[in-house]
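Asks: My questions will all concern the structure given below.
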Amino acid sequence: SNKSKSYSFQAEVAQLLHLVTHSLYSNPEIFLRELVSNASDACDKLRFEGINNAALFEDAPNLSVRVSFDTEAKTITITDNGIGLSQQEAIDNLGTIAKSGTRDFVSKLSGDQKSDAQLIGQFGVGFYSGFIVADKITVESRRAGLSHAEGVRWISGGTGDFDVETIDRAARGTSITLHLREDALEYLNGWKLKSIINKYSDHISLPILMQKEVWQESEVEGEPGHMVKTDEWETINSASALWTRNKKDITEEQYIEFYKQLSRDQEAPLSWSHNRVEGSTEYTQLLYIPAKAPHDLFSRDVKTGIKLYVKRVFIMDEAESLMPMYLRFIKGVIDSADLPLNVSRELLQESRDVKAIREGNTRRVLSMLETLSSSTDSADQEKYAKFYAEFGSVLKEGLGEDFSNKDKIAKLLRFASTTHDEASVSFADYKARMKEGQDAIYYITAETLAAAKNSPQLELFKKKGIEVLLMADRVDEWALNFLNEFDGTPLQSVAKGAVDLGKLQDEDEKKAAEEAAETFKPLLERLSTSLKDKAKEVRVTTRLVDSPACLVGADGDMSSQLARMLKQMGQ
Ligand code: ADP
Ligand code: MG
10 SNKSKSYSFQ
20 AEVAQLLHLV
30 THSLYSNPEI
40 FLRELVSNAS
50 DACDKLRFEG
60 INNAALFEDA
70 PNLSVRVSFD
80 TEAKTITITD
90 NGIGLSQQEA
100 IDNLGTIAKS
110 GTRDFVSKLS
120 GDQKSDAQLI
130 GQFGVGFYSG
140 FIVADKITVE
150 SRRAGLSHAE
160 GVRWISGGTG
170 DFDVETIDRA
180 ARGTSITLHL
190 REDALEYLNG
200 WKLKSIINKY
210 SDHISLPILM
220 QKEVWQESEV
230 EGEPGHMVKT
240 DEWETINSAS
250 ALWTRNKKDI
260 TEEQYIEFYK
270 QLSRDQEAPL
280 SWSHNRVEGS
290 TEYTQLLYIP
300 AKAPHDLFSR
310 DVKTGIKLYV
320 KRVFIMDEAE
330 SLMPMYLRFI
340 KGVIDSADLP
350 LNVSRELLQE
360 SRDVKAIREG
370 NTRRVLSMLE
380 TLSSSTDSAD
390 QEKYAKFYAE
400 FGSVLKEGLG
410 EDFSNKDKIA
420 KLLRFASTTH
430 DEASVSFADY
440 KARMKEGQDA
450 IYYITAETLA
460 AAKNSPQLEL
470 FKKKGIEVLL
480 MADRVDEWAL
490 NFLNEFDGTP
500 LQSVAKGAVD
510 LGKLQDEDEK
520 KAAEEAAETF
530 KPLLERLSTS
540 LKDKAKEVRV
550 TTRLVDSPAC
560 LVGADGDMSS
570 QLARMLKQMG
580 Q
């Protein structure tokens with residue numbers, strides 16, 4: 010039937026729309042970027058489904074996006090000939106938020122406009138950003154493979170509900186028509202639309218077409234002329250995927266803009282690396298180090314940030330086989346020349362090419378970090394400090410996850426110490442400052458830096474002027490289990506076992522301790538008996554200077570911090 014039916018938006022969508030229409034965006038022009046990006050996604054999906062079903066291309070195999078505007082009707086229309094939407098898909102995909110990330114986002118909204126605006130920028134609101142400039146949106150679509158009679162029209166004023174009806178539509182794909190608000194009429198301008206598309210969508214691999222305009226002088230003497238549209242459509246973007254272009258033809262701004270769209274991050278990345286890798290496995294690699302951690306970096310279902318393409322055909326997002334988990338914060342694109350187009354996630358896990366790509370990616374990222382971290386340039390040093398504050402804890406997971414790169418990862422780690430409050434001390438720095446005769450890198454783990462710093466276990470080290478690394482990050486204890494030494498020097502927790510300061514210990518001190526052990530033997534025995542359920546051993550120590558007693562773990566024991574962490578995790 011042709012009767013239209015009304016549906017309510019899912020509550021989260023209504024909430025989001027409220028936010029959008031109350032113009033949280035400081036940057037309204039991004040509506041075009043979002044809609045063009047959806048059009049491009051729709052074409053990617055058609056290409057992907059078309060791999061196994063060429064009939065879906067019907068008689069229009071050339072994919073493109075058309076952007077047009079109508080000054081009289083006050084509308085802008087974005088049309089693609091991609092996969093299209095069935096009626097049910099229009100209801101589901103345009104009326105609810107499918108992605109858990111976006112739902113998550115909505116749940117985090119605080120009602121404070123400023124911080125919400127920042128959050129929203131991190132996620133983007135995709136389709137709904139149309140309502141920044143429009144007070145009504147009409148979507149007309151037909152899904153590839155469905156008959157002309159199975160088209161759909163979806164209309165909404167961006168408040169609580171939307172209407173859907175069946176229409177006849179010959180053209181495959183989707184047209185999105187924005188009925189502009191009075192305060193957004195400035196977008197009814199070909200030059201303006203072109204410049205927005207060039208700014209945000211130049212890297213889109215499809216042609217984006219607009220009608221060519223020509224200047225027409227006025228027929229009335231003395232009156233200004235104006236632009237008029239012709240029937241000719243012209244491509245206004247470069248229409249080649251950014252990563253396929255030659256490095257030297259890509260500007261810094263283009264790299265940054267591409268990153269922002271890829272990652273949904275508003276901030277520019279700290280660094281990136283773009284390479285064509287040749288050899289037994291050939292691929293293009295474009296990897297970015299973000300400046301800011303996403304909100305879900307430590308959530309259970311966090312995904313890696315790599316998009317996989319095969320010969321420029323988009324295959325999948327979040328290709329977890331292409332990057333180890335401890336580098337999950339890296340964003341980027343891999344375009345392989347060797348993988349089959351119909352590769353699945355399962356196949357990826359077994360592929361030797363994928364293994365090679367993953368190793369190549371890992372090497373590349375670690376070397377980018379190495380370059381940043383060892384740079385003498387103060388801007389780079391600042392970048393590395395910023396990187397480390399955001400992602401240092403994740404990087405440490407690599408000690409346990411990536412045995413073959415353990416040494417490279419260890420080099421990148423930074424800690425606070427008894428002489429440095431900032432997390433700025435590398436193992437190498439520490440080694441360079443070691444005392445004559447010191448033969449271990451000493452560290453202490455605790456719940457907080459303050460607790461570590463004030464631990465009685467440090468008394469002797471302070472007295473002797475020996476630097477101790479302070480570790481209060483939740484993963485430190487676990488990660489350090491995998492690192493016994495750095496560059497030939499053993500790591501030694503000062504909270505475990507009998508601290509043997511080796512050559513640093515004076516002969517007199519050792520002797521005094523032995524004598525004390527002898528003198529206090531009866532006392533120690535009494536203490537041992539009365540504490541027998543609580544302490545394994547009671548002994549005289551030289552590690553304390555001011556405090557009368559302290560608890561220590563046995564060598565190889567779990568520390569109290571690790572025990573707490575495991576308990577929190579329910580183990
Ligand atoms: P995202 O693009 O991140 O999935 P959006 O809000 O931009 O989120 O779009 C929501 C959904 O609407 C898309 O996932 C897609 O299913 C559908 N959609 C939007 N635009 C189009 C289009 N031009 N063609 C086909 N489907 C579309
Ligand atoms: Mg989108």
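Residue numbers (full-length UniProt numbering): 10 to 580.
Glycine included, C-beta positions come from ideal geometry on N, C-alpha and C.
1. Of the residues Glu266, Trp163, Thr380, Asp305, which one's Cα is nearest the Cα of Asp101?
2. Could you name the residues, in chain order, whose CB is less than 5 Å away from a heavy atom belonging to ligand 2?
3. Are the Cβ atoms of Thr175 and Gln96 separated by less than 8 Å?
4. Just to confirm my understanding: we take Arg373, look at its own chain, exclude 5 residues before and 5 after, and list those with CB closer than 8 Å. What are they?
5. Between Val342 and Ser210, how many whole angstroms is the CB-CB distance? I'm expecting something under 8 Å.
6. Are the stretch 183-198 and the stretch 84-91 touching, with three or more C-beta to C-beta distances below 8 Å?
7. Apart from the five residues on each side of it in sequence, which residues of its chain come closer than 8 Å, Cβ to Cβ, to His157?
8. What are the partner residues of Tyr452, as DSSP defines its beta bridges?
9. Excluding sequence positions up to five away, which residues of its chain have a Cβ less than 7 Å from the Cβ of Leu215?
10. From residue 596 to Asp170, what distance separates their C-alpha atoms?
11. Bridge partners of Arg285, per DSSP?
12. Rounded to a whole number of angstroms, what is the C-alpha to C-alpha distance between Glu494 and Lys405?
13. Any idea what DSSP makes of Thr168, helix, strand or coil?
14. Let me check understanding here. Comparing Cα to Cα, which of Leu375, Asp258, Leu26, Leu479 lies closest to Asp411?
15. Just to check, is the beta-carbon of Gly91 closer than 7 Å to a non-hydrogen atom of ligand 1?
16. Looking at C-alpha atoms only, which residue of Thr313, Gln466, Tyr196, Arg361 is the closest neighbour of Ile141?
17. Using only the alpha-carbon positions, how far apart do Ser204 and Lys312 sit?
18. Would the beta-carbon of Trp209 be found less than 7 Å away from any heavy atom of ligand 1?
19. With distances taken from CA atoms, which of Val173, Gly135, Trp200, Ile206 is nearest Trp224?
20. Is Leu331 close to ligand 1? I mean its beta-carbon at under 7 Å from any heavy atom of the ligand.
21. Would you kindly check if the distance between the Cβ of Ala153 and the Cβ of Ser65 is under 8 Å?
22. To the nearest angstrom, how far is it from the Cα of Tyr264 to the Cα of Ala143?
23. Nearer than 7 Å: is that true of the beta carbon of Ala51 relative to any heavy atom of ligand 1?
24. Who pairs with Thr84 in a beta bridge, going by DSSP?
25. In terms of residue numbering, what span does the beta strand (DSSP E) encompassing His157 cover?
26. Ignore the nearest five residues each way along the sequence and tell me which others in Leu479's own chain have a CB closer than 8 Å to its CB.
27. With hydrogens ignored, establish whether the beta-carbon of Leu94 is closer than 7 Å to any heavy atom of ligand 1.
28. My parser needs the alpha helix (DSSP H) runs of 4 or more residues fully inside the stretch 292-374; what are they?
29. Throw me the rounded Cβ distance for the Arg190 and Asn90 pair, which I believe falls under 8 Å.
30. Do you know how far the Cα of Arg273 is from the Cα of Pro333?
Replies: According to the data block:
1. Trp163
2. Asn47, Gly135
3. yes
4. Ser282, Asn284, Gln294, Leu296
5. Actually they are not in contact, since the Cβ atoms of Val342 and Ser210 sit about 16 Å apart, beyond 8 Å.
6. yes
7. Arg151, Asp177, Arg178, Ala179
8. Leu478, Ser502
9. Ser49, Cys52, Leu72, Ser73, Val74, Ala248
10. No information on residue 596 is available, as it lies outside the stretch 10 to 580 that the chain covers here.
11. Thr293
12. 15 Å
13. coil
14. Leu375
15. yes
16. Tyr196
17. 34 Å
18. Correcting the residue type first, residue 209 is Tyr in the shown sequence and not Trp. No - ligand 1 has no heavy atom lying nearer than 7 Å to the Cβ of Tyr209.
19. Trp200
20. no
21. This sequence places Leu at residue 65; Ser is not what is there. In this structure, Ala153 lies closer than 8 Å to Leu65 by Cβ.
22. 30 Å
23. yes
24. Asp79, His188
25. Neither: His157 is in no beta strand (DSSP E) and is coded neither H nor E.
26. Phe424, Ala425, Ser426, Thr427, Tyr452, Ile453, Ala455, Leu458, Ala461, Lys462
27. yes
28. 354-359
29. 28 Å between Cβ atoms; not a contact.
30. 21 Å
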